[in-house]
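Peer 1: Residue numbering for the sequence shown follows the UniProt record's numbering, beginning at 1 and increasing consecutively. Glycine included, C-beta positions come from ideal geometry on N, C-alpha and C.
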Amino acid sequence: PVVEKEKDGLSRERSYDDDNDEVATGASWKSVPGENMECPHLSQSVRFGDDNVDGSGYAVKDLPFVCAACGTEKSPWLCLHCGSVHCGRYVAGHALQHYETNTQHCVCIDCESLAVFCYTCDEYVVNDTTNGQIEKIRRVTFRKDEHKENDESWSTSPPTTPPSSRTRDDGGDDHDNDPDALWKAEVVVRNLRPRTARKRLHSLDASSADNRPAKRRSSKSTKEKKVVGLRNLGNTCFMNVVLQSFNNISHFCEYLTQMPCLEGIAFDESTGPPTHRGRIVTPGRAKEMSMSDALLAEELRKVLLGLSLGGSNGQAISPECLFLAIWKVVPRFRGYQQQDAHEFLTYMLDRLHTELLQLLPRLGHEPLGLRGKQSIVTAVFGGTLLSVVHCMNCRTDSKTHEPFQDLSLDIPDRLQRSRTKEQEEVCSLTYSLTRFFKVEELADSELYFCDNCMGKQRSTKRFWIHRLPNVLCLHIKRFRWCNSYRSKVDTQVDFPMESLDMSAFTVRGVTGTRLGAQNSHLYDLAAVIVHHGSGAGTGHYTAFAVHDGQWFHFNDSSVRPATTDAVAKCKPYILFYVRREFSIPPPL
């Protein structure tokens, strides 16, 4: 599915949680025109912490946070100029009134999500002061052990960022089996800084390697793993789940983290090769910006490197630079409205493929020996479909090959009807795959022009897999249009955790595998992206991913171990399966 938005990506029309969002509809980019997307008002407006603390650190505000004007605890915002607390504009709007009375008091912080907003820019703030004052305020003023539990149920239209400052008082181990409860967990965040250290690149010559996840390690081993979360920058959970999935696809992550630094290398938009999907994903507007500052591949490398190295004390990484790079090269993702994770995944892989094809040959870096139009994207995610159209008049077949990097699977109409929980239908992933590859008769509006008959004829069409990808990405079509309204299909889809067998859907002598190889058609689950909520443009994304044999639930900053039962019970939106036998495909 594709989330419909304005083509320039700057539409201010938004639909967020009414209790916790400071973005007004109809606003324009006042102080963030063109490529300058940083708030210029921080140096004058961020004064909280200057005079009201001793030499040991910033003051801790009394809890709970209540509005100084009306006393409500809903949607509290802390003014970063004077330290007063007022409610958001969708409660009584006292924070906005405070700004209108004192225009220098334009920057405030959400006391629950810790997102920073500037009223003058009418936008969320992604940068910090030169001395990192905002981050100090987040770290010291909002102490995780002093925040009270919020017992409200999870909303289908969550706040701009998950209220990461909330914790559970019951010590709840039930987090493993209740993914929605996890988005209340809190972990202190830190800024991502480039690291020079490198992990040793594992052997990628895996023609005979078995990529099955290792057996679950001991609890001691689990504690030693440096598995960290990603800070939500304002409805960026759609990006975070994709990044965490990438990080747990070992061959892909190891390749990118071992790339040389790409900073300072210019990317030429005008001469850049088209993507392997046959389209350019970045509009010409990006030419106006500094391409050395907009290399998505370099910022992704840094984020994955930070995730692989981990952080101390469970601190999360803040991927601001990557988010800004995405804003520059793909304007449709600008702003802080909720986006579609599958659409973002598609744009991300296409852009990454385009950049690497142009930049890596200049550096002479290619450890896998990829040639021609190949990149790590096509080597890992790329597969080929064989499309067979059969003319029902002359009985001849027309065959074409189509590249793909994910398969979008339907949920049958009969399983989409609303039912009670007790009567809820269950769809299996194997059934959806079988439907995708079955023979279908083309409709009268899609009559096939047969070269043999020299005219349009009734025909059938079916797909086979000609070349299997190393990572099979399966997208479940959970959003559909109905009477001009886009609704969600919340049907449960059962999926195998191990040994997904794709042999029934491949043509004989399938390329990209060794003849008779035992594991060439078998896949094991590596990551799952889940959408919580009722709408495509609202809700929240979390992800499950396996790391060294242990499953984890990634909910922005929060990362917790998960049981296989919890993973199996989730309602998947995107599944990533890794082939047990990794092999480099032939040149394209």
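Taking 7 Å as the limit between beta carbons, can you name the residues of its chain near CYS570, skipping five residues before and five after?
Peer 2: Excluding sequence neighbours, CYS570 sits near PRO179, VAL528, VAL530, PHE544.
Peer 1: Would you give the residue range spanned by the alpha helix (DSSP H) that ALA543 belongs to?
Peer 2: From DSSP, ALA543 is part of no alpha helix (DSSP H) but of the beta strand (DSSP E) over 540-547.
Peer 1: Taking the DSSP output, what are the residues bridged to TYR577?
Peer 2: For TYR577, which the question treats as bridged, DSSP gives the partners LEU472, LEU525.
Peer 1: Rounded to whole angstroms, what's the CA-CA distance from VAL242 to PHE449? Just pull it up for me.
Peer 2: Rounded to whole angstroms, VAL242 to PHE449 spans 40 Å at the Cα level.
Peer 1: Does the region 556-563 come within contact of the region 458-466, defined as at least 3 CB pairs closer than 8 Å?
Peer 2: No: the two stretches stay apart, fewer than three of their Cβ pairs being nearer than 8 Å.
Peer 1: Going by CA-CA distance only, name the one from LEU474, VAL546, LEU472, LEU324 that's closest to ASN127.
Peer 2: Selected option, being the one with the closest Cα: LEU324.
Peer 1: When DSSP labels each residue in this structure, what does ASN127 get in the three-state scheme?
Peer 2: In the structure shown, ASN127 sits in coil (DSSP, three-state: anything other than H, G, I, E or B).
Peer 1: Considering only the alpha carbon of each residue, which of GLY49, HIS342, MET392 lies closest to CYS473?
Peer 2: Residue HIS342 is the option with its Cα nearest to CYS473.
Peer 1: By the 10 Å Cβ neighbour count, where 16 or more other Cβ atoms means buried, how is LEU447 classified, buried or exposed?
Peer 2: When all chains shown are included, LEU447 counts as exposed.
Peer 1: Name the one or two DSSP bridge partners that LEU230 has.
Peer 2: Its beta-bridge partners are ILE317.
Peer 1: Leaving out five residues before and five after THR434 in sequence, what residues of the same chain have Cβ atoms less than 7 Å from its Cβ?
Peer 2: Closer than 7 Å at Cβ, skipping near neighbours: no residue.
Peer 1: State the start and end residues of the unbroken beta strand (DSSP E) segment that holds LYS456.
Peer 2: That run of the beta strand (DSSP E) goes 455-457.
Peer 1: Smallest Cα separation from HIS98: which of GLU73, ALA69, LEU114, VAL125?
Peer 2: Looking at the Cα atoms, ALA69 is the closest of the given residues.
Peer 1: Using the Cβ count rule (16 or more neighbours within 10 Å means buried), how would you classify LEU230?
Peer 2: Buried, since its Cβ has 16 or more Cβ neighbours within 10 Å.
Peer 1: Where do the ends of the alpha helix (DSSP H) carrying HIS94 lie?
Peer 2: Looking at the DSSP string, the run of the alpha helix (DSSP H) that includes HIS94 is 94-101.
Peer 1: Where do the ends of the beta strand (DSSP E) carrying ASN555 lie?
Peer 2: That run of the beta strand (DSSP E) goes 550-555.
Peer 1: If the criterion is Cβ atoms closer than 8 Å, does the pair LEU300 and LEU349 meet it?
Peer 2: Result no, Cβ atoms of LEU300 and LEU349 do not sit closer than 8 Å.
Peer 1: If I measure Cβ to Cβ from LEU407 and keep anything under 6 Å in the same chain, skipping five residues before and after, which residues do I get?
Peer 2: Same-chain partners within the cutoff: LEU474.
Peer 1: Give the secondary structure of GLN492 by DSSP, where H, G and I count as helix, E and B as strand, and everything else as coil.
Peer 2: In the structure shown, GLN492 sits in a strand (DSSP, three-state: E or B).
Peer 1: Could you name the residues of the same chain whose beta carbon sits closer than 8 Å to that of LEU233, not counting the 5 residues immediately before and after it, in chain order?
Peer 2: Once the five neighbours on either side are set aside, the close Cβ partners of LEU233 are ALA115, TYR124, VAL126, THR161, SER318, PRO319, GLU320, PHE323, TYR336.
Peer 1: Return the residue from the list THR354, GLN457, ASP501, GLY49 that minimises the CA-CA distance to ASP444.
Peer 2: Looking at the Cα atoms, GLN457 is the closest of the given residues.
Peer 1: Hey, THR129 and LEU42: beta-carbon distance below 8 Å or not?
Peer 2: The answer is yes: Cβ separation under 8 Å.
Peer 1: Compute the Euclidean distance between the alpha carbons of SER534 and GLU38, then round it to the nearest angstrom.
Peer 2: Their Cα atoms are separated by approximately 33 Å.
Peer 1: Would you list, in sequence order, the uninterrupted beta strand (DSSP E) runs of no fewer than 3 residues that lie entirely inside the region 315-372?
Peer 2: If we require 3 residues or more, the beta strand (DSSP E) runs fully inside the region 315-372 come out as 316-318.
Peer 1: Rounded to the nearest angstrom, what separates LEU357 and ILE376 at their Cα positions?
Peer 2: Rounded to whole angstroms, LEU357 to ILE376 spans 9 Å at the Cα level.
Peer 1: In angstroms with no decimal places, state the Cα-to-Cα distance between SER245 and ALA526.
Peer 2: So the two alpha carbons sit approximately 8 Å from each other.
Peer 1: In terms of residue numbering, what span does the alpha helix (DSSP H) encompassing ARG435 cover?
Peer 2: Note, ARG435: alpha helix (DSSP H), 429-437.
Peer 1: Contact check, ARG362 vs ILE476 under 8 Å by CB: the rounded distance?
Peer 2: That pair is no contact at about 39 Å.
Peer 1: Does the beta-carbon distance from ALA316 to ILE584 come in below 8 Å?
Peer 2: Contact: no.
Peer 1: Using DSSP with H/G/I as helix, E/B as strand and the rest coil, what is GLY383?
Peer 2: Three-state DSSP puts GLY383 in a strand.
Peer 1: Under the rule that 16 or more other beta-carbon atoms within 10 Å means buried, what is PRO101, buried or exposed?
Peer 2: The question names Pro, but residue 101 is Thr in the sequence shown. Exposed, since its Cβ has fewer than 16 Cβ neighbours within 10 Å.
Peer 1: How many angstroms separate the CA atom of THR120 from the CA atom of THR103?
Peer 2: Roughly 8 Å separates the two Cα atoms.
Peer 1: Given this structure, state the Cα-to-Cα distance separating HIS540 from ASN452, to the nearest angstrom.
Peer 2: Going from the Cα of HIS540 to the Cα of ASN452 covers about 51 Å.
Peer 1: Between which two residues does the beta strand (DSSP E) harbouring CYS79 extend?
Peer 2: CYS79 -> beta strand (DSSP E) spans 76-79.
Peer 1: What did DSSP end up calling VAL241 once you bin it into helix, strand or coil?
Peer 2: In this structure, VAL241 counts as helix in the three-state DSSP scheme.
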